[in-house]
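Peer 1: Heads up: the sequence shown is residues 162 to 389, going by my numbering.
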Amino acid sequence: MSKGYISIFIGVFGAGKDTQAKLLEDKGLVRTFSVGQILRDASKDMPWLKEYLLAGTLVPTDKLAEILINFFNHLALQKVKHLIITGFPRVFSQIDVLKRLIKETGFEFYKAFNFVLEDAQIADRILHRYVCPKCGALYNLRTNPPKDDTRCDFDGAALVKRQDDNLKTLCRRYTVFVKQTIPVIEYFRKLGCLVDIDANRTIKEIQKDLEEYFTKEVIQSCDAFVVQ
Ligand code: AMP
């Protein structure tokens, strides 16, 4: 019998993948991990890694595999019923890393959720995005502002901007997304494992949609993505 399920949240940056994954986690439905955040944390001890993050280019798959496998090997996943990984895989070669993670955790693959955001919205989302340096809570000063000016609702820390949330890096990240990640999305679509999520809606509307996929009754693994 399967220990649990793995799902992935993919799609363009700024579409709300991490925000929605966190909301599902807060409801106790899943455990969630953002590959971007794992890399940002790891980059504190690995200066070479920071160069990729600041440039907005993808970390090479062999290096990423090493970091991710090491990260997940150190986690206690015994009680986890559903694991969401956000921002991964972003390039074809990372599909094998996902397969390795599935094999090593003994989980089954549930679905790939593709967050679809209109191009015109991307810059707006990214350039108004702020993050709490203490707890990682995400805000958008226009659409999802904190209650108190620029302080985190949960711990009062002064919010900061991510170093790569600027116009120059954004253009590079978009090119990477179109060239490398869209083919990955289409791969999952062909397998029949993909769910498109309209990310142009409000946080609440998207949340309601997603919760239906994560209630116990409807969960069924995607047979087309069986890892031998
Ligand atoms: P994100 O937090 O998802 O916007 O990712 C920030 C940066 O982390 C990206 O611009 C990449 O440099 C790196 N990154 C995140 N996810 C991946 C991935 N799956 N593969 C390679 N690099 C990644």
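For glycine and all other residues, C-beta sits at the position ideal for the given N, C-alpha and C.
Answer yes or no: do D384 and G217 have a C-beta to C-beta separation smaller than 8 Å?
Peer 2: No, Cβ-Cβ distance for D384 and G217 is not below 8 Å.
Peer 1: Between the alpha carbons of Q389 and D310, how many angstroms are there, rounded?
Peer 2: So the two alpha carbons sit approximately 51 Å from each other.
Peer 1: Name the DSSP beta bridge partners of R290, please?
Peer 2: Answer is N301, bridged to R290.
Peer 1: Alpha carbons only, please: which of H289, K377, K242, D223 is nearest the one belonging to G177?
Peer 2: Per the Cα distances, H289.
Peer 1: Got a sec? Which residues, its chain only, sit under 7 Å from G267 by beta carbon, not counting five neighbours each side?
Peer 2: These residues qualify, in order along the chain: K164.
Peer 1: Where do the N-terminal and C-terminal ends of the beta strand (DSSP E) with G165 fall, by residue?
Peer 2: It is not in any beta strand (DSSP E) - G165 carries neither H nor E in the DSSP assignment.
Peer 1: Roughly how many angstroms separate the alpha carbons of V379 and V356, rounded to a whole number?
Peer 2: When rounded, the distance between both Cα atoms is 14 Å.
Peer 1: Does the pairing of the segment 242–257 with the segment 178–186 give three or more beta-carbon distances under 8 Å?
Peer 2: Contact between the segment 242–257 and the segment 178–186 is present, because at least three Cβ pairs lie under 8 Å.
Peer 1: Excluding the five sequence neighbours on either side, which residues of its own chain have a C-beta within less than 6 Å of the C-beta of N275, listed in chain order?
Peer 2: I171, G172, I346, L355, D357.
Peer 1: Check for me: the alpha helix (DSSP H) holding K211 runs from which residue to which?
Peer 2: Here the alpha helix (DSSP H) through K211 covers 208–216.
Peer 1: Compare the beta carbon distance of R392 and V241 with 8 Å and say whether it is the shorter of the two.
Peer 2: With the chain covering only 162 through 389, there is no way to say anything about residue 392.
Peer 1: Enumerate in chain order the residues of its own chain whose CB-to-CB distance from R333 is below 6 Å, with the five nearest sequence positions on each side excluded.
Peer 2: Contacts found: G217.
Peer 1: Short of 7 Å in beta carbon distance, which residues of its chain neighbour E279, apart from the five on each side in sequence? Order them along the chain.
Peer 2: These residues qualify, in order along the chain: N361.
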